[in-house]
Amino acid sequence: MKKRDTILTVLFIALLAVFLWQAGNHLDSYKIRILNLCAIYAILALSLNLINGFTGLLSLGHAGFMAVGAYTTALLTMSEATKEQNFFLVPIVEPLASITLPFLSALIIGGLLSAFVAFLIGAPTLRLRGDYLAIATLGFSEIIRIIFTNTQSITNGPLGLKSIPNNTNLWWTFGLALATFILIKALIDSSYGKALKAIREDEVAAESMGISLFKHKMIAFMIAAFFAAVGGGLLGSLIGAINPIMFRFILTFNVLLIVVMGGMGSMTGSVISAFVVTSGLEYLRVLDENINLGFIKLAGIPGLRMVVFAGLLMIVVIFFKNGLMGTREFTWNKLINFFTIKKKFRKKEVGQ
Amino acid sequence: MAILKTDAITMRFGGLVAVNEFSLNIEKGEIVAVIGPNGAGKTTAFNMITGVYCPTQGDIYFDGKKITGLKPHTITKYGMARTFQNIRLFKELSVLDNVVIANHLHLKANLLQSILGNTYPDILDRFWQPKYKKEEKRILEKSHMLLEKVGLINFIDEKADSLPYGLQRKLEVARALATNPKLLLLDEPAAGMNPKETSDLTSFIRQIRDDFDLTIILIEHHMQVVMDISDRIYVLDYGINIAEGNPYDIQNNEKVIQAYLGVADDA
Amino acid sequence: MTFDLFLQYLTNGISLGSLYALIAIGYTMVYGILKLINFAHGEIFMMSVYFAFYGVAVFSMPWYVSAIVAIAITALLGMGMERAAYKPLRESPRITIMVSAIGASFFLQNLAVVLFGGRPKAFPDISLLTDIMHVGAVTFQRLTVIIPVVTTILLFMLLYLVNNTKTGMAMRAVSRDYETARLMGVDVNRTITITFGIGSILAAIGGIMWGAKFPQVAPFMGVMPGLKCFIAAVVGGIGNITGAIIGGLILGIGEIMLIAFIPDLTGYRDAFAFILLIGILLFRPTGIMGEKISEKV
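Chains as they are written, first to last, in our numbering: chain A, 8 to 359; chain B, 387 to 653; chain C, 49 to 345.
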């Protein structure tokens, strides 16, 4: 069984590579941007799902980690000249001014820094119960944002950073998304991952079976923060400009929404949902803008897009409580069964 | 040397004294029962011993080591495992996973080794197996063996909460055994069982005590089980230890009879 | 810092704190009864300000009529939202209902953008409230004193309702033990609806006074106050009405004092609430008036 699965997975990756190559050459930049965004949100969703879906901790602080990643990556990849341009009000602090690093290094450093921040935040908050953890993480995320708004010499404060080198392309986003998926899946399937699920199911029992709650929650939290930062770094590099306003709670909510809709506790669900929701949000943009159908002009109503979206979200949440996949995963087995069962029925009919 | 010793442990919740200066002493290999009317403080005593509560007063020694105030996961690592009065299985996980998880505490591979070990494709196993994969294999074998022992081998892929009540209790025992305990605490293992099941349980407890070289403490209301299986019995009433001794002595103890007056054991 | 200046800041702080308190009560009551953080409460507050604004600006009602109408409509909005977004999810896992609450919050924010336009509007000036008064060397709007007075009156009314009426007893019963209250014949649905109604009414009264004090009306004006007021409720002890008042006052006075004594930290004004939150969660998670609840194992 496993051998077949590995071959199918390798095949899938190969096909994906071909698709990306073709897409890079033939699709217009708008569609490429959407694809990039989808892959980035897949990374973000997978990382949030690790904490919320698999460990059962309600964390609402993802935007904070994304901010750490975005700013770190940006500051480490921007050239000295660009930095000087940006920091016209207050010059940037010295060591940062002259450092320029390659993209991957910057992303990883951002990730490590974010994991460290997660450690600092997690130490006091991870022992809090349910809702309190949610609000505490939300609070910390806001504190991070407010700090970034007020540290002019490091982050350029409310002005934000512009002209961030556009390193992000389909290979980076999809490549890192794939890496994220593989690594987090490896974690989930391992003994540690099972321990996390045990914590989700029943903390008291898990602890009594020898699982250190604090250590394992921290593991999940830090790893999730790492990948959230990578996602943030990619996002910053894609858009080319970041500022603290971008990292308000609504960003965390966006990712949370994707995770809930895909099914908390399903990795494939998170990925599928990321693609569906991100592209859906983009296409809903038409509601905000004027639609010109030739003979009819429908005036766009700004804000309608989010109204529809929030409305749809609530409908999904109320009527499809477990999201798309619940805790199930899409496996090669299921796909093959899907096709072979149909054959089985046909054969039976013929036989009779 | 006593495998478990408590030194006048007391548990106060605000103004309520749930357990009052309870001292017990358990030798290796014994099967000891803690009995008493409902609300006597038995589970609270268990919770103190296993680290879920920190005693307001008093100390607890396990295998000569002072464990007062330590967290449950540390105490379990030292070799103490338990089951719960209101079954606390990992409901949404499979029967097999419930037991496999209880092996995690003794995992030698660290986090990085586990993640990387799992990314390593299975096809290459014939050339070299990562440390983690070897351990995973061993854990699976051990878990299968335990499940077979409790008679759950046919249910390994079922969701834990789909099992009937009696089997859920057995799963809890299998799970506890997976942690490699020296001392096993069973909280009302016979609850809800009919007479045939309770006699099976009695032989089962003796068997695991012998097969796994255990010491066992149980809380139980089923007097038949208690009298059949216990080497010694402690009786709690309103948090106080009112009697201690072998089954015959306890059965004829005035104070014990009084405490239980009107409370029949369940059918 | 002269004493007079200090008094000036203190009065402002108490005033702001009272506004926070009124909104915080809504959070604390809903959490007490449903164990739900009503993320959309800030938007209920925001809507009430818009309703009052439209009453005066579009329908040319005198301000006190507009206020009453706004309060009534806001109460309906709050109760309606409960029926639509929370009731269907009562048996669901906590995160689902939280997602619904957040969804409702964003829905209302953007609905406001769609209906009222994104540009801020000016709340009508109510001279009765905004007239300047002088007491000694301290200068303030009449409103600054009216707010705490109104809040205190409402607090006593609410405490009377909760402690001395049948409805109040039902509310207390449901928040202690939902299932048993239902089994004892308490109309849980009605009780919950009333709770939301009261919370919304208080938020609306707070909203109108807020609009008078800070005359800018915008669709996202409820976000920060919403968050801060929730924090106030947590600080005071979530589920406890008196706690909400105390929390609100601490937050309001603290915020003003921070800016007063350390003007350089004005940019961190909002962070004060979050730092206070982290502090209380670390050292006294059940809040100032809260009781410890231990889980039976």
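Even for Gly, the Cβ is constructed at its ideal location relative to N, Cα and C.
What's the gap between the Cα of V17(A) and the Cα of P507(B)? 11 Å
Given a limit of 7 Å on CB to CB distance, which residues of the stretch 550 to 580 of chain B reach chain A? R561 and T565
Following the continuous alpha helix (DSSP H) through T462(B), name the residue where it begins and the one where it ends. P458 to Y464
Quick check on the DSSP output: the beta strand (DSSP E) that includes L570(B) runs from which residue to which? L569 to D573
Could you have a look at N344(A) and say whether DSSP puts it in helix, strand or coil? helix
Whole-angstrom distance between I81(C) and G338(C), CA atom to CA atom: 15 Å
Evaluate the contact criterion for the stretch 224 to 232 of chain A versus the stretch 279 to 295 of chain A: three or more CB pairs, one atom per stretch, below 8 Å. no
I think A72(C) touches A321(C), with their Cβ atoms under 8 Å apart; what is that distance to the nearest whole Å? Between A321(C) and A72(C) the Cβ distance is about 11 Å, and since that is not below 8 Å, they are no contact.
8 Å CB neighbourhood of N250(A) in its chain, flanking five on each side removed: P165, L166, G167 and L168
Using a Cβ-Cβ cut-off of 8 Å, state whether T192(C) counts as contacting chain A. no
Under 8 Å by Cβ, that's how I've got D623(B) and P423(B) pegged, so tell me the actual separation to the nearest angstrom. 6 Å
Using a C-beta cutoff of 8 Å, does T144(C) count as contacting chain A? yes
Where Q157(C) falls, given that 16 or more other Cβ within 10 Å makes a residue buried: buried
My assumption, with CB atoms under 8 Å, is that A148(C) sits in contact with L159(C). Please give the rounded CB distance. Looking at the sequence shown, residue 148(C) is not Ala but Ser. Going by Cβ atoms, the distance from S148(C) to L159(C) rounds to 16 Å, so no, they are not a contact pair.
Mark M95(C) as exposed unless 16 or more other C-beta atoms lie within 10 angstroms of its C-beta, in which case mark it buried. buried
State yes or no: is the beta carbon of M1(A) nearer than 8 Å to at least one beta carbon in chain B? Any question about residue 1(A) goes unanswered here, given that chain A covers just 8 to 359.
Using only the alpha-carbon positions, how far apart do I99(A) and T162(A) sit? 8 Å
Which residues of the stretch 202 to 226 of chain A have a Cβ closer than 7 Å to any Cβ of chain C? Give them in chain order. V211
Assess, as a yes-or-no matter, whether the stretch 492 to 506 of chain B is touched by the stretch 242 to 249 of chain A under the definition of 3 or more beta carbon pairs within less than 8 Å. no
Along the alpha helix (DSSP H) that carries R595(B), what are the first and last residues, could you check? P581 to D597
Distance, L479(B) Cα to F337(A) Cα: 17 Å
Taking only three categories from DSSP, how would you classify M337(C)? coil
Under three-state DSSP, which class holds S105(A)? helix
Listed by chain order, chain A residues near L479(B) by CB distance under 7 Å: K204 and E208
Cβ pair M225(A), L96(A) closer than 8 Å: no
Return yes when the Cβ of A105(C) is within less than 8 Å of the Cβ of I174(C), no when it is not. no
Using a Cβ-Cβ cut-off of 8 Å, state whether L108(A) counts as contacting chain B. no
For a test of the three-state rule: what should DSSP assign to N173(A), helix, strand or coil? coil
What's the C-alpha gap between K428(B) and V405(B)? 8 Å
For a contact meaning CB atoms closer than 7 Å, what does P333(C) contact in chain A? L135 and Y139
So, with DSSP's three-state summary, where would you put V193(C)? helix
Taking the straight line between their C-alpha atoms, what separation do you get for T80(A) and L53(A)? 20 Å
Opening and closing residue of the alpha helix (DSSP H) in which Q157(C) lies: R142 to F164
Anyone know if the C-beta pair for E574(B) and H607(B) falls short of 8 Å? yes
Using the beta-carbon of each residue, which ones in chain E are nearer than 8 Å to I189(A)? Within the model displayed, chain E is absent; protein chains A, B and C are what it includes.
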